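Student: Take this structure, written in structure tokens, and hold onto it; I'll ask about it next.
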Amino acid sequence: MTTKILPVIMAGGSGTRLWPLSRTQYPKQFLKLSPDGYTLLQATLLRLKNLDCADPLLICNEEHRFLAAEQMREIGISAKIILEPEGKNTAPAITLAALYQIQQAQDSDTIMLVLAADHVITEQDKFEQSITQALELAKLDKLVTFGIVPTHAETGYGYIEKGNSELNGFQVQRFVEKPDAATAQEYLESQKFLWNSGMFMFKADIYLNELQQHAQDIYNSCVASMQDTKADLDFIRIDKEAFKQCRSESIDYAVMEQTKDAVVVPLDANWNDVGSWSALWDIQDKDDQGNVIQGDVITVKSQNNYVFSESRLVSLLGVDNLVVIETKDAILVADKSKVQDIKKIVESIKEQGRTEHFCHREVYRPWGKYDSIDHAERYQVKRITVKPGQKLSIQMHHHRSEHWIVVNGTAKIHKGKESFLLTENQSTYIPLGEIHALENPGKVPLELIEVQSGSYLGEDDIVRFEDLYGRC
Numbered sequence: 001m002t003t004k005i006l007p008v009i010m011a012g013g014s015g016t017r018l019w020p021l022s023r024t025q026y027p028k029q030f031l032k033l034s035p036d037g038y039t040l041l042q043a044t045l046l047r048l049k050n051l052d053c054a055d056p057l058l059i060c061n062e063e064h065r066f067l068a069a070e071q072m073r074e075i076g077i078s079a080k081i082i083l084e085p086e087g088k089n090t091a092p093a094i095t096l097a098a099l100y101q102i103q104q105a106q107d108s109d110t111i112m113l114v115l116a117a118d119h120v121i122t123e124q125d126k127f128e129q130s131i132t133q134a135l136e137l138a139k140l141d142k143l144v145t146f147g148i149v150p151t152h153a154e155t156g157y158g159y160i161e162k163g164n165s166e167l168n169g170f171q172v173q174r175f176v177e178k179p180d181a182a183t184a185q186e187y188l189e190s191q192k193f194l195w196n197s198g199m200f201m202f203k204a205d206i207y208l209n210e211l212q213q214h215a216q217d218i219y220n221s222c223v224a225s226m227q228d229t230k231a232d233l234d235f236i237r238i239d240k241e242a243f244k245q246c247r248s249e250s251i252d253y254a255v256m257e258q259t260k261d262a263v264v265v266p267l268d269a270n271w272n273d274v275g276s277w278s279a280l281w282d283i284q285d286k287d288d289q290g291n292v293i294q295g296d297v298i299t300v301k302s303q304n305n306y307v308f309s310e311s312r313l314v315s316l317l318g319v320d321n322l323v324v325i326e327t328k329d330a331i332l333v334a335d336k337s338k339v340q341d342i343k344k345i346v347e348s349i350k351e352q353g354r355t356e357h358f359c360h361r362e363v364y365r366p367w368g369k370y371d372s373i374d375h376a377e378r379y380q381v382k383r384i385t386v387k388p389g390q391k392l393s394i395q396m397h398h399h400r401s402e403h404w405i406v407v408n409g410t411a412k413i414h415k416g417k418e419s420f421l422l423t424e425n426q427s428t429y430i431p432l433g434e435i436h437a438l439e440n441p442g443k444v445p446l447e448l449i450e451v452q453s454g455s456y457l458g459e460d461d462i463v464r465f466e467d468l469y470g471r472c
């Protein structure tokens, strides 16, 4: 019988190192940063196309569930999505997936392949070769991790020291933390060390047995969380209160550093974890001056820069080694060698009570998106786009009224007890406290301008009565 692979994709991160493009509500795994034009999540899923895989299982934060589902739909991949009520690091996330696999198992020979959703791997053949090698070890009840063959003395990664050879891999001698520069150089020259990739392969029951031995509390919390799961569309909701009791821990500390059955398979496939703007510069195509350019950009006498423009012209003159990122609500200018400190900017934004770390001006929803194009005290203007056939929740507001003007397409308006259609250049007024809903019954995107006015304009002033997407 052919051994089937269950891809488990960890898509729960909300990284800040690629700010201002990556935000809490729209982290890097959902951004089109892969050299092939796909988002990092999509590229991770498409990387599995030649392997004998079951439908993948995604693990992501609840607030990202519709982003993940929509991006899989775009590339024609179906998957179940386990929703984490809050991030608890990799050990609990993988445990939820292993418990789900045991619950659903039709085939006990299935082996889990655990991948991060935000890595870039450009040499497909070598990736598939390493997976095939790891599969043979996983069949023998080994817990396999993948070690990246280092290309330079990197201080930003943890390392794995190779022990004795075992089939197509090596026994894990030890895991070591991020080294200083001198130690990293020693590791590189010794050829005994690999970068810790955070990718794994093992049988679900073998992993769970090891977890019970070395982190019984995590196992117990996750079992309790999976006792009463609820299916919602393709989403699997776990027991929120039980999961909150689980401690946050990485799989390295909880299991891989404790077990005697850890092995490492080298992976030399041009891997990059896209952990910074400089790392992204490394993997992208460059012009004759070494610049990576995306968007409306002009450079003169400028070299080795990473320039991204989302909404306007960005011009560079006589500069070198910079990262310049323009979004609709924030601009970053940084020395490429200092980009690891971007988290300090994000921390400052949080301390000032601002929102630029949390969401973009343009916000995606399961029904479409909105762009907050203007705001001041007591008013806000949004451009709303509703996808064909989609409908916003039936709702009301305690503190604001709304005026809607249709720009493109046809809107079906539900206001109080009446329903009616609006087309281009027509408008309607929604008084404060009025129960209402907006729907696109047409075949083209509906675009309208919404003008809000009132004493409080926050997104939490929404009382939902009925919703297609389970947000009541």
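Take 1 as the starting number for the sequence shown in UniProt numbering and just add one per residue.
Think of the CB as a built atom: it goes at the ideal place given N, C-alpha and C, for glycine as much as any other residue.
Treat the numbers as computed from the prediction; the structure is a model and nothing was measured.
For the ligand GTP, is there any heavy atom lying closer than 7 Å to the beta carbon of R378?
Tutor: With respect to the ligand GTP, the structure shown offers nothing to examine, as it has no ligands at all.
Student: With DSSP run on the structure shown, which of helix, strand or coil describes residue 474?
Tutor: The chain is shown only over 1 to 472; residue 474 falls outside these bounds and no answer can be derived.
Student: Alpha carbon to alpha carbon, what distance is there between G158 and P179?
Tutor: One C-alpha to the other measures close to 7 Å.
Student: Can you round the beta-carbon distance between residue 482 and Q29 to whole angstroms, since I take them to be within the 8 Å contact cut?
Tutor: The structure shown has nothing for residue 482, since the chain only spans 1 to 472.
Student: Would you check if there are 3 or more beta carbon pairs closer than 8 Å linking the segment 444–454 to the segment 404–411?
Tutor: The segment 444–454 vs the segment 404–411: in contact.
Student: Touching or not, the segment 116–129 and the segment 227–246, by the rule of three or more beta carbon pairs under 8 Å?
Tutor: They do not touch, by the three-pair rule.
Student: Taking 8 Å as the threshold, find out whether the segment 125–138 comes into contact with the segment 279–298 through three or more Cβ pairs.
Tutor: Contact between the segment 125–138 and the segment 279–298 is absent, because fewer than three Cβ pairs lie under 8 Å.
Student: Under the assumption that I81 contacts L45 (Cβ atoms under 8 Å), give the Cβ distance between them as a whole number of angstroms.
Tutor: That pair is no contact at about 12 Å.
Student: Excluding the 5 residues preceding and the 5 following T155 in the sequence, name in chain order all residues of the same chain whose CB lies nearer than 7 Å to its CB.
Tutor: If we look at T155 and ignore the five residues flanking it on each side, its Cβ neighbours are K178, P179, D180, A181, A184.
Student: With burial defined as no fewer than 16 other Cβ atoms inside 10 Å of the residue's Cβ, what is the status of F420: buried or exposed?
Tutor: Exposed, by the Cβ-count rule.
Student: Terminal residues of the continuous beta strand (DSSP E) containing E466?
Tutor: Unbroken beta strand (DSSP E) run through E466: 463–466.
Student: Please report the distance separating the alpha-carbon of K415 from that of A254.
Tutor: Distance between the alpha carbons of K415 and A254: 54 Å.
Student: Using a Cβ-Cβ cut-off of 7 Å (strictly less than) and excluding sequence neighbours within five positions of T110, which residues of its own chain qualify?
Tutor: For T110, where only same-chain residues beyond five positions count, the Cβ hits under 7 Å are K4, L6, A54, Q101.
Student: Among H214, P85, L21, R354, whose alpha-carbon lies nearest the alpha-carbon of residue 490?
Tutor: No statement about residue 490 is possible, as the shown extent of the chain runs from 1 to 472 and does not include it.
Student: Using a Cβ-Cβ cut-off of 8 Å (strictly less than) and excluding sequence neighbours within five positions of D296, which residues of its own chain qualify?
Tutor: Answer for D296: S309, R312, L313, V314, listed in chain order.
Student: Taking only runs of the alpha helix (DSSP H) that begin and end inside the segment 72–128, which ones reach a length of at least 4 residues, in chain order?
Tutor: For the segment 72–128, whole alpha helix (DSSP H) runs of length 4 or above, ordered along the chain, are 90–104.
Student: Give me whichever residues DSSP pairs with E362 in a beta bridge.
Tutor: Per DSSP, D371.
Student: Quick one: is V382 buried, meaning 16 or more other Cβ sit within 10 Å of its Cβ, or exposed?
Tutor: Residue identity check: residue 382 is Lys in the sequence provided, not Val. With 16 or more Cβ atoms within 10 Å of its Cβ, K382 is classed as buried.
Student: Three-state secondary structure (DSSP) at W281?
Tutor: Helix, per DSSP.
Student: Go ahead and label R23 buried or exposed: buried means 16 or more other beta carbons lie within 10 angstroms of its beta carbon, across all protein chains shown.
Tutor: The residue in question, R23, is buried, as its Cβ has 16 or more Cβ neighbours within 10 Å.
Student: May I have the straight-line CA-CA distance separating E70 from S190, to the nearest angstrom?
Tutor: Approximately 45 Å, taken between the alpha carbons.
Student: Please classify H64 as buried or exposed, where buried requires at least 16 neighbouring CB atoms within 10 angstroms.
Tutor: Counting Cβ neighbours within 10 Å, H64 comes out buried, since at least 16 surround it.
Student: Helix, strand or coil for Q42, going by three-state DSSP, please let me know.
Tutor: Here Q42 sits in helix by DSSP.
Student: Give me the Cα-Cα distance between R378 and R464, rounded to the nearest whole angstrom.
Tutor: Cα to Cα, the separation comes out at about 22 Å.
Student: Mind the definition here: the segment 394–403 touches the segment 455–463 only if three or more C-beta pairs lie below 8 Å; say whether that holds.
Tutor: Because the criterion of three Cβ pairs below 8 Å is met, the segment 394–403 and the segment 455–463 touch.
Student: Tell me the residue span of the beta strand (DSSP E) that contains A262.
Tutor: It spans 262–267 - the beta strand (DSSP E) in which A262 sits, taken as one unbroken run.
Student: Whose C-alpha, out of A68, A376, T423, I405, is nearest the C-alpha of S453?
Tutor: For S453, the nearest C-alpha among the options comes from A376.
Student: So what does V451 bridge to, in DSSP terms?
Tutor: Partner(s): V381, H403.
Student: Given 8 Å as the limit, is there contact between the segment 340–353 and the segment 29–41, that is, 3 or more CB pairs closer than that?
Tutor: No, because fewer than three Cβ pairs between the segment 340–353 and the segment 29–41 fall closer than 8 Å, the two stretches do not touch.
Student: Tell me which same chain residues have a C-beta within less than 8 Å of the C-beta of V274, skipping the five on either side of it?
Tutor: Closer than 8 Å at the Cβ level, and outside the excluded window around V274, lie L18, K28, L33, L40, D118, H119, V120, L280, I283.
Student: So, for R361: in the same chain, excluding its five sequence neighbours on each side, which residues have a beta-carbon less than 7 Å away from its beta-carbon?
Tutor: If we look at R361 and ignore the five residues flanking it on each side, its Cβ neighbours are K328, D329, D371, S372.
Student: Quick one: Cα of P150 to Cα of W195, how far?
Tutor: Approximately 6 Å, taken between the alpha carbons.
Student: Is DSSP giving M226 helix, strand or coil here?
Tutor: Correct three-state label for M226: coil.
Student: I believe I218 touches E249 by the beta-carbon criterion, under 8 Å. Please report the beta-carbon distance rounded to the nearest angstrom.
Tutor: Contact holds; Cβ gap of about 6 Å.
Student: To the nearest angstrom, how far is it from the Cα of P441 to the Cα of Y456?
Tutor: Each residue's alpha carbon lies about 30 Å from the other.
Student: Residues bridged to M256 by DSSP?
Tutor: Per DSSP, none; premise fails for M256.
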